[in-house]
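Enquirer: Read left to right, the sequence shown gives residues 1 to 401 (my numbering).
Glycine included, C-beta positions come from ideal geometry on N, C-alpha and C.
Source: prediction; values computed, not measured.
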Amino acid sequence: MTSNLRLKDFILPLLYGAVMFWILIGLATFSGFRHFEKWSIHVLTFGCVVVLLRDRKGFGNPFRVRMPDWVRARWVEWGLVSFVLLATTVHLIKLHGWPLVEAWFQEDIVGTALVRQSIIARSGALMNYLSSFVIKAILPFSIVFMYLRKRKMMLGLVTAIGMFYALMLMQKSFMVTIFMPLLCILLLERKWLRLAGVACLSVLGIVILLLVTNPQLLGRGKARDLPVIENPFGTGLKGLAKRVLYVPGKVTGEWFDLVPAHYPYLNGCGYRFLQPLTGCEYVDYSRKLYDELFPEYKALGLTGTVNVASFVNDYANFGMRGVFLSGIVLAVLITLLTRLYHNREVYLILFNLFPVIMLSSSAVSTLLFSGGWVVINLLFMVLNPYLPVLRFDNRKRLCVG
Numbered sequence: 001m002t003s004n005l006r007l008k009d010f011i012l013p014l015l016y017g018a019v020m021f022w023i024l025i026g027l028a029t030f031s032g033f034r035h036f037e038k039w040s041i042h043v044l045t046f047g048c049v050v051v052l053l054r055d056r057k058g059f060g061n062p063f064r065v066r067m068p069d070w071v072r073a074r075w076v077e078w079g080l081v082s083f084v085l086l087a088t089t090v091h092l093i094k095l096h097g098w099p100l101v102e103a104w105f106q107e108d109i110v111g112t113a114l115v116r117q118s119i120i121a122r123s124g125a126l127m128n129y130l131s132s133f134v135i136k137a138i139l140p141f142s143i144v145f146m147y148l149r150k151r152k153m154m155l156g157l158v159t160a161i162g163m164f165y166a167l168m169l170m171q172k173s174f175m176v177t178i179f180m181p182l183l184c185i186l187l188l189e190r191k192w193l194r195l196a197g198v199a200c201l202s203v204l205g206i207v208i209l210l211l212v213t214n215p216q217l218l219g220r221g222k223a224r225d226l227p228v229i230e231n232p233f234g235t236g237l238k239g240l241a242k243r244v245l246y247v248p249g250k251v252t253g254e255w256f257d258l259v260p261a262h263y264p265y266l267n268g269c270g271y272r273f274l275q276p277l278t279g280c281e282y283v284d285y286s287r288k289l290y291d292e293l294f295p296e297y298k299a300l301g302l303t304g305t306v307n308v309a310s311f312v313n314d315y316a317n318f319g320m321r322g323v324f325l326s327g328i329v330l331a332v333l334i335t336l337l338t339r340l341y342h343n344r345e346v347y348l349i350l351f352n353l354f355p356v357i358m359l360s361s362s363a364v365s366t367l368l369f370s371g372g373w374v375v376i377n378l379l380f381m382v383l384n385p386y387l388p389v390l391r392f393d394n395r396k397r398l399c400v401g
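(1) Inspect the beta-carbon positions of L53 and T335 and report whether they are closer than 7 Å.
(2) Using 7 Å as the threshold, is the C-beta distance between A73 and Y386 below it?
(3) Specify, as a first and last residue, the run of the beta strand (DSSP E) that V400 falls within.
(4) Just the C-alpha distance for L245 and N307, rounded to the nearest angstrom, thanks.
(5) Does the distance from the CB of A121 to the CB of V212 come in under 7 Å?
(6) From this set, V43, W75, M20 and L80, which residue's C-alpha is nearest L379's C-alpha?
(7) By the three-class DSSP mapping on this structure, what secondary structure does L52 have?
(8) Using a Cβ-Cβ cutoff of less than 8 Å, which residues in the same chain neighbour L293 once the five nearest sequence positions on both sides are dropped?
(9) Looking only at C-alpha atoms, which of A299, T303 and Y129 sits nearest to R287?
(10) Could you pull out every residue in the same chain whose Cβ sits closer than 6 Å to the Cβ of Q275, ignoring the five residues on either side in sequence?
(11) Is the beta carbon of K50 less than 7 Å from the beta carbon of P13?
(12) Expressed to the nearest angstrom, what Euclidean distance is found between the alpha-carbon atoms of L100 and L169?
(13) Tell me which same chain residues have a C-beta within less than 8 Å of the C-beta of G270, skipping the five on either side of it?
(14) Out of curiosity, what's the CA-to-CA distance linking G17 and S370?
(15) Name the two residues that bound the continuous beta strand (DSSP E) containing F392.
(16) Tell me whether L277 is buried or exposed, calling it buried when 16 or more other Cβ atoms sit within 10 Å of its Cβ.
(17) Relative to the alpha-carbon of Q106, which residue among V76, L266 and G219 has its alpha-carbon at the smallest distance?
What follows is the structure in structure tokens.
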């Protein structure tokens, strides 16, 4: 029993450890071990603080919100679906059209990239935040909520709205984001046909976006002096595999090479949420480094970001102190989440797996405040009375109830 409890206590820390090992693979491949000290200080600090906090009584006690007895489950279901539908409709009205359709009529990949890039500018700050909450928190939670409550019609409706919305926003990663918790449940339940079906939906959305944003794949438009790929799908799959395996670590090494050699430490000016306290102008190194690392895209009028692991953002602000402090902050956060989900560890995995993985390419502050991490955990704390108990049978297969 003790070993089992220990394993439950370390689910998220072990997952974050795997993420850091993944970063180390790319970092060592492209930069050797010259930055190993920074990586190891962060990992060791994180691990030590997690162990120290494990037996701290009263730290992060389970917290649940008791819903009034008159609030019926059906109202919650319709409320979730209605909110998602309303947010999608309002956003499309704000955009004055359907970006995916606009992209279809572009002549080259630069044109489609500019359409995708314009979505953020046309949406406005408030709508961008709301959109992020819907895609990264409310939709994934709603899909799982309907599935576990066996509400087939509601599940189909919220899935259709979610896929449509993700396609309109033209981000391939969103097709994975909205289905991630459901895919985890189906994997743990070992329902292979359903798992394959949901995975196919996700892949279908990615393929649609791939075809729309690359007109040359269907013989549409013009190349605009871009390199011709003989086998785009084969090359794309190889590129995707490389991107997944190496890019987080490769980009980590590039940031370490450039900061502070070419870019000074930001001393807190790299955190938008600290702007009122620091009084300095917010500086986004992810955009500055994009222009330096990809000058050919900048010349075409494209803008972008070079996203990097959370602890590297802290390094860019405070140097080695940032690496150390990042380990402490993440250890406290992950321990707190583990305690909040006491005896509901499966839900801990479902609703926190994706954000922890995203720590490989996003700052923790971004994930919490605009990435939906806080929202999805608040949804669980408020609506957990309507969620069934999840347990494992003798064959280690997830069962509902």
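Expert: Straight from the coordinates:
(1) yes
(2) yes
(3) L398 to V400
(4) 15 Å
(5) no
(6) L80
(7) Assignment of L52 by DSSP, reduced to helix, strand and coil, places it in the helix class.
(8) Within the same chain, L293 has close Cβ partners E254 and V306.
(9) Residue T303 is the option with its Cα nearest to R287.
(10) Y282
(11) For clarity, residue 50 is Val in the given sequence; the question names Lys instead. Cβ distance < 7 Å, so V50 and P13 count as in contact.
(12) 7 Å
(13) Y282, V283, D284, Y285, N313, A316 and N317
(14) 24 Å
(15) L390 to F392 is the extent of the beta strand (DSSP E) around F392.
(16) exposed
(17) G219
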